[in-house]
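Residue numbers (our numbering): 543 to 595. Backbone N, C-alpha and C fix where the C-beta goes; we use that ideal spot for every residue, glycine too. So the structure is just underneath, and the comments pick up after that.
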Amino acid sequence: MHLFEVDRECTYKSVDYKVISVLDNDLLLVVPKEDLANEKFPLQTYVIPEQIE
């Protein structure tokens, strides 16, 4: 069972992420896709720029 579903993905510095939220100033709140898939809790979140590549 998943606690929430996220459908947007991105890659930043060779790491695949799932987007949790779009923040102000074109920033994304993300979690590593692998950590989410493996249910590695607590999840470490990161803020990355939305413009990727």
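Residues of the same chain with a CB within less than 7 Å of the CB of residue 571, apart from the 5 flanking positions on each side, are 562, 563, 565, 587 and 589 in chain order. If you look at residue 569, you'll find it isn't in any alpha helix (DSSP H); it sits in the beta strand (DSSP E) that goes 569-574. With respect to residue 573, residue 582 sits apart: the two C-beta atoms are not nearer than 7 Å. Taking the C-beta atoms as reference points, residue 577 is found nearer than 7 Å to residue 585. Only residues of its own chain outside the window of five on either side were considered, and among them 551, 558, 559 and 560 have a CB closer than 7 Å to the CB of residue 575, listed in chain order.
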